[in-house]
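K.L.:
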Amino acid sequence: MEPRNLDGGTDRPRSEGGRRTGRVIVIGPYLRMRAGSTDAQADGHVLRDTEARLDEASGLARAIDLVIADALIAPIGQIRPATYLGKGKVEEIAGLIKSHDVELVVMDCALSPIQQRNLEKAWNAKVLDRTGLILEIFGRRAKTREGALQVELAHLNYQRSRLVRSWTHLERQRGGFGFMGGPGETQIEADRRLIQERIARLEGDLKKVQATRRLHRAGRQRVPYRVVALVGYTNAGKSTLFNRLTRAEVQAADMLFATLDPTLRALTLPHGGKAMLSDTVGFISNLPTQLVAAFRATLEEVLEAEVILHVRDISHEDAEAQQSDVDAVLRQLGINPDDSSRIIEVWNKIDRFDAEQREELQNIAARRPSDHAALLVSAETGEGVEALLAAIEERLAAKRSTFDLSIDAADGAGISWLHRNSEVLAKELHDGRFDMTVRVDETKRDIVVSRFDAVPHHAA
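In this text, residue positions in the sequence shown follow my numbering: the first is 203, and each later residue adds one.
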């Protein structure tokens, strides 16, 4: 008799060669809060709802086309060194695995190599922890050479720690070198050596790619376009907002890690100025440290950005916890998330609220300190985008110089140069001359002053 799904239907057909399709059980092994505890943080999560955490873990599994046979929370009082879970819970899940006929279990936590090995033995199934699952997703999503190299490097560093003596072939020894022979090296030592050699090659390749990226960045700086970077929790709507702001067609889907490789597009500001907008990989709670390190080169666009847009899915039930997770990753990158002169908080997906809820959100945003303002937008409908562009322009302008000048209307070359190399804020024709107010980058400041006899602008 064929195994059955939870809804009573028969199991999905086997693929060619007799292999089953990717059915998985997702386990949320979350620590119980201590009775009477006022600590808002448990298991590295800040104010995070356990159901939302399990939903996110299931979403990660679906992101690589796994079929969720069952998903459950397994509350634990303490982490067991051998199996993470208690003995009774391990046996209970073993029964579920057998009844659902699955070959893979996702544990929404970071497992040690020993814990992973012991659970695989107890369940007779492959076990993937949160780090391994995110690495699998990144392996599928990476399209550029740099992204693929970074994912492979992170995967090998992760795999190196997983080389425990699970299989007998890892205990066999190879013959030694040299005149006296000797015990030789075990298979596990040989595997570690091969992985280390591959890691060294990848690191060399990445250095070359990073050098090329630095050349490209230096070329952009000569233009010079300012860089504005989008950051935020995965699935917060960054790519949809990126498309809305730049009229690009970057993949945007209701899916965790829909976008992985960084994308740069020109952004036109309200007064005609230009900037480069960068869409980066989404962050997530407990982002593996291997990935933060490996993707540091990709995230250099964030490090170099003059303005950072922290895009939040304000409709998400765990919006506050997601903000804390993004702030934590920014700190790992050496960026102060409280730097209001550089970071603009964008509350996205306001189209999901009714009029009353939206008014309440606007009141909450209005009560925030002026140096920590939040802008309400809908990347889907375009609501609030004009105000966001104005805020971006204002932040960029704070580091630019504004000048008044008068130029002969016959000086077509000069007028054209100003339009290409500055933001023209005002332009009026009087008696054959253009009175102009322009805002320029510091690299062009001396040219404007000497070429056009410009004087600093004083607002009325």
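Backbone N, C-alpha and C fix where the C-beta goes; we use that ideal spot for every residue, glycine too.
All figures in this text were calculated on a predicted structure; none of them were measured in a lab.
If you draw a straight line from the alpha carbon of Asp267 to that of Gly224, how long is it in whole angstroms?
P.N.:
Approximately 7 Å between the Cα atoms of the pair.
K.L.:
Is DSSP giving Gly386 helix, strand or coil here?
P.N.:
For Gly386, the pLDDT reaches just 47, beneath the cut-off of 50, and the residue's location in the model is therefore unreliable, leaving the point undetermined.
K.L.:
Within this structure, are the beta carbons of Ile275 and Gly230 separated by less than 8 Å?
P.N.:
Cβ atoms of Ile275 and Gly230: closer than 8 Å.
K.L.:
For the segment 439 to 449 against the segment 475 to 482, are there 3 or more C-beta pairs whose distance is under 8 Å?
P.N.:
Counting Cβ pairs under 8 Å, three or more are found: they touch.
K.L.:
By DSSP's criteria, Thr482 is part of a beta bridge. Which residues make up the other side?
P.N.:
Looking at the DSSP assignment, Thr482 forms no beta bridge with any residue, so it has no partner.
K.L.:
List the endpoints of the continuous beta strand (DSSP E) containing Phe555.
P.N.:
No beta strand (DSSP E) holds Phe555; DSSP gives it neither H nor E.
K.L.:
Using only the alpha-carbon positions, how far apart do Glu391 and Thr436 sit?
P.N.:
C-alpha separation (whole angstroms): 38 Å.
K.L.:
What are the partner residues of His512, as DSSP defines its beta bridges?
P.N.:
His512 is bridged to Val433, Glu547.
K.L.:
Roughly how many angstroms lie between the CA atoms of Leu607 and Val642, to the nearest whole one?
P.N.:
So the two alpha carbons sit approximately 13 Å from each other.
K.L.:
Can you name the start and end residues of the alpha helix (DSSP H) that Gly349 belongs to?
P.N.:
Note, Gly349: alpha helix (DSSP H), 347 to 363.
K.L.:
Among Glu348, Leu262, Arg394, which one has its Cα closest to the Cα of Leu408?
P.N.:
Per the Cα distances, Glu348.
K.L.:
Ends of the alpha helix (DSSP H) at Leu298?
P.N.:
Where Leu298 is concerned, the enclosing alpha helix (DSSP H) stretches over 289 to 302.
K.L.:
Classify Lys476 as helix, strand or coil using the three-state DSSP reduction.
P.N.:
Strand.
K.L.:
Once you ignore the five residues that flank Gly279 on each side, which residues in its own chain have a CB closer than 7 Å to its CB?
P.N.:
For Gly279, where only same-chain residues beyond five positions count, the Cβ hits under 7 Å are Arg234.
K.L.:
Is Glu305 helix, strand or coil when you go by DSSP?
P.N.:
Correct three-state label for Glu305: coil.
K.L.:
Whose CA, out of Thr604, Thr645, Arg647, lies closest to the CA of Met638?
P.N.:
Minimum Cα distance to Met638 is reached at Thr604.
K.L.:
With Thr470 as the anchor, note down where its beta strand (DSSP E) starts and where it stops.
P.N.:
First-last of the beta strand (DSSP E) with Thr470: 465 to 470.
K.L.:
Would Val579 and Ile552 qualify as a contact pair, given that the criterion is a beta-carbon distance under 8 Å?
P.N.:
The answer is yes: Cβ separation under 8 Å.
K.L.:
With DSSP collapsed to three states, give me the class of Gly616.
P.N.:
Helix at Gly616.
K.L.:
Spatial neighbours of Ile594 within its chain, please: CB distance less than 8 Å, with the 5 preceding and 5 following residues excluded, ordered by chain position.
P.N.:
Answer for Ile594: Val430, Leu469, Leu471, Ala477, Val509, Leu511, Ile546, listed in chain order.
K.L.:
When you compare the CB positions of Leu590 and Leu598, do they come within less than 8 Å of one another, or not?
P.N.:
Contact flag unset, no.
K.L.:
For Gly380, name the three-state secondary structure that DSSP assigns.
P.N.:
Its pLDDT being 37, under 50, Gly380 is placed unreliably by the model, and the measurement read from it follows with that caveat. DSSP places Gly380 in coil when its eight states are reduced to three.
K.L.:
Are Ala273 and Leu287 closer than 8 Å when you measure CB to CB?
P.N.:
No.
K.L.:
Please state the DSSP three-state secondary structure of Leu274.
P.N.:
Note: Leu274 maps to strand in three-state DSSP.
K.L.:
Please tell me whether Val650 and Val657 are closer than 8 Å, where the distance is taken between their beta carbons.
P.N.:
Not in contact: Val650 and Val657 (Cβ atoms no closer than 8 Å).
K.L.:
At what residues does the beta strand (DSSP E) containing Val228 begin and finish?
P.N.:
Here the beta strand (DSSP E) through Val228 covers 225 to 230.
K.L.:
According to DSSP, what are the bridge partners of Val504?
P.N.:
Partner(s): none; Val504 has no beta bridge.
K.L.:
With DSSP run on the structure shown, which of helix, strand or coil describes His621?
P.N.:
In this structure, His621 counts as helix in the three-state DSSP scheme.
K.L.:
Assuming the contact rule is C-beta atoms closer than 8 Å, Glu305 and Ala327 should be a hit. Round their C-beta distance to whole Å, please.
P.N.:
Going by Cβ atoms, the distance from Glu305 to Ala327 rounds to 6 Å, so yes, they are a contact pair.
K.L.:
Considering only residues of the same chain and omitting the five flanking positions on each side of Arg342, which have a CB-CB separation below 7 Å?
P.N.:
Contacts found: Ile266.
K.L.:
Span of the alpha helix (DSSP H) holding Arg255?
P.N.:
Note, Arg255: alpha helix (DSSP H), 252 to 264.
K.L.:
Check whether the Cβ atoms of Val228 and Ala259 lie closer than 8 Å to each other.
P.N.:
Their beta carbons are under 8 Å apart, which means Val228 touches Ala259 by this criterion.
K.L.:
Write down the C-beta distance between Gln524 and His518 rounded to the nearest angstrom, noting that I regard them as a contact closer than 8 Å.
P.N.:
Indeed, because the Cβ distance is near 6 Å, the residues count as touching under 8 Å.
K.L.:
Residues in its own chain within less than 7 Å of Leu501 by CB, not counting five upstream and five downstream?
P.N.:
Same-chain partners within the cutoff: Thr482, Leu535.
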